[in-house]
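Before any comments, here is the structure.
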Amino acid sequence: MLGRLLLTASHSDRLRDFVATAPVTRPVVDRFVAGEELPDALTAVRGLTDGGLDVTIDYLGEDITDASQAERNRDAYLRILDAVAPLGLGGRVEVSVKLSAFGQSLGADGHALALANVRPVAEAAARAGTTVTLDMEDHTTADSTLGILDELRRDHPGTGAVLQSYLFRTEDDCRRLATAGSRVRLVKGAYREPASIAHQDRRAVDLAYVRCLKILMAGDGHPMVATHDPRLVAITRELALRHERQPGTYEFQMLYGIRTAEQQRLAEDGEKVRVYVPFGTDWYGYFTRRLAERPANVAFFLRSFVPG
Ligand code: FAD
């Protein structure tokens, strides 16, 4: 119930203004967001990569209303790739993009606009020796996002996609994408979706996740297992043994600031672990989705208003 309310609140401009201007909430936001500017993100990237973790950088720029904002988001990614190329870390530092921020949400031309804006980012990533992963947003964007994935993979086969286990369609999508060269990030799903197309019950979402995981781990692609759920991490490691997969032929992914000790423990145990590092001024939607995932985060957030 609380999670649903928060997902609704993620679209509230008034609440966004309140949270953004209340200084007491800043430490709470900082737990999940690496900062507002590129140097902040690069500091986080250096800390994580020095500690043996890989990174995917997300520039927070959702909810755009015109094509010029989409171009600004594209340019922000080009600057990120310019800044990470000299680090010489290749695929250890990649970028994640939300196609809504590249124009996908701007009416009938949105699909073509997003493709035109993301293509130069995929080219810049290739020049920097790294990759782009297309985040998945709400279900209305899934066909367009997977269509853009297919287009980009013609020239950049390592472009990654995200599939959400809560959607009924996802097992079929996993089968289609579990092929050589593909990179699929499997998540439970973070948006509020109708019962006609998505599992609503947490256990059903978890069981669907395991079914999808089995398809991806048995396939020839590179599964990116994005979860903080200890049970799913353990099942992934069992499946890796069963299919004789070496670490690096699959990877774990977790979010910046969440289960950081577990990220480190898995990496020290020889697993490839990538941390999703969001930064930027437009952090509100991302932040409320993280609160919605866990009631304890809401308590942490509310406590920040209590003095002393
Ligand atoms: P849960 O059952 O939610 O959590 C398992 C345990 O993890 C919890 O008990 C808790 O200990 C810990 N935990 C989980 N979430 C939090 C939190 N917010 N704060 C503190 N502890 C927490 N979703 C999309 O819809 N599209 C995407 O493109 C997308 N990309 C993602 C990329 C990465 C790298 C990750 C890790 C997640 C991404 N997600 C995305 C979010 C995902 O869909 C889930 O909402 C999120 O990961 C929580 O699910 P979980 O698998 O961690 O399991």
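Each residue of the sequence shown is one higher than the last, beginning at 1438 in the working numbering. All C-beta atoms in this analysis are idealised placements derived from N, C-alpha and C, irrespective of residue type, glycine included.
query, result
"Could you give the DSSP three-state label for asparagine 1474: helix, strand or coil?", "Here residue 1474 turns out to be glutamate, not asparagine, going by the sequence shown. Of the three classes helix, strand and coil, the one that applies to glutamate 1474 here is coil, per DSSP."
"So for glutamate 1775, helix, strand or coil by DSSP?", "This structure gives no information on residue 1775, because the portion of the chain shown stretches from 1438 to 1745."
"Identify the continuous beta strand (DSSP E) that holds serine 1619 and give its terminal residues.", "Looking at the DSSP string, serine 1619 is not in any beta strand (DSSP E), and its letter there is neither H nor E."
"Less than 7 Å separating the Cβ of lysine 1625 from some heavy atom of the ligand FAD?", "yes"
"Taking just the CA atoms, how far does glutamate 1474 sit from valine 1670?", "32 Å"
"Identify the continuous alpha helix (DSSP H) that holds alanine 1641 and give its terminal residues.", "1639-1655"
"Counting only the same chain and skipping the five closest in sequence on each side, list residues whose C-beta sits under 6 Å from that of alanine 1627.", "Arg1726"
"Among Arg1711, Leu1676, His1680 and Leu1678, which one has its Cα closest to the Cα of tyrosine 1693?", "Arg1711"
"Apart from the five residues on each side of it in sequence, which residues of its chain come closer than 7 Å, Cβ to Cβ, to arginine 1612?", "Ile1652"
"From the DSSP output, in three-state form, read off serine 1633 for me.", "coil"
"So, with DSSP's three-state summary, where would you put arginine 1711?", "strand"
"Indicate the three-state DSSP secondary structure (helix, strand or coil) for glycine 1597 in the structure shown.", "strand"
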